[in-house]
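Going by the working numbering, the first residue of the sequence shown is number 2, and it counts up by one from there. Here the structure is laid out as structure tokens; the discussion comes afterwards.
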Amino acid sequence: MTNRAAGMSVLMRQAKPIREQALKAFEQQFMDEALAMDRWLVMQATRQRLDGEPAVLDDVIRLSNHACFSMRNPNKVRALITTFCHANLAEFHEPSGQSYAWFEQQFLALDAINPQVAARLARAMDRWPLLIEPTKGLAKACLERLAAHKSLSPDSTEIIKSALQSQG
Numbered sequence: 002m003t004n005r006a007a008g009m010s011v012l013m014r015q016a017k018p019i020r021e022q023a024l025k026a027f028e029q030q031f032m033d034e035a036l037a038m039d040r041w042l043v044m045q046a047t048r049q050r051l052d053g054e055p056a057v058l059d060d061v062i063r064l065s066n067h068a069c070f071s072m073r074n075p076n077k078v079r080a081l082i083t084t085f086c087h088a089n090l091a092e093f094h095e096p097s098g099q100s101y102a103w104f105e106q107q108f109l110a111l112d113a114i115n116p117q118v119a120a121r122l123a124r125a126m127d128r129w130p131l132l133i134e135p136t137k138g139l140a141k142a143c144l145e146r147l148a149a150h151k152s153l154s155p156d157s158t159e160i161i162k163s164a165l166q167s168q169g
């Protein structure tokens, strides 16, 4: 498995047809192995976008509807959503703000299901003061919208408010 995963990480930097073929083969071979499928999600959540390709967020959204993913399974959430937000910084903090709008939806849904995992996910926004405009303003606005939600768990409320008070 280690060799296959290493090979897949190289293939993730290839053009979409090659990458998609390798991902499909991996999925077919390991669909019934939870840890392997977690790795499959991580590989896709951390890949870098090649010129002319759509945003990685598009793939993450598609994968969030995949049969192997469940918002109620913390390992799946960590493999896909948390990995994208914490480990794919260029794609998560892209200047359009689409990732923040998506993050906000996912965070609120997750906070209602599993507040501890949601609180960990919220840490992806801790470094917003270090971003440059317009991304910085979009990140702050996302945090402000989240802070305004009265139904947030205590852990998430604390982390969101702490992030807003941060100056980098």
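Backbone N, C-alpha and C fix where the C-beta goes; we use that ideal spot for every residue, glycine too. Only a predicted model underlies this, so the values are computations on that prediction, with no experimental measurement involved.
P130 versus V118, L122 and L144, residue with shortest Cα-Cα distance: L144
Nearest-angstrom Cα separation, counted from A164 out to S152: 18 Å
Which of helix, strand or coil DSSP assigns to F27: helix
Separation of V11 from N115, as counted between CA atoms: 34 Å
Through-space distance from P18 to E159, alpha-carbon basis: 44 Å
Rounded C-alpha distance that separates S157 from A148: 9 Å
Euclidean distance between Cα positions of V57 and A140: 18 Å
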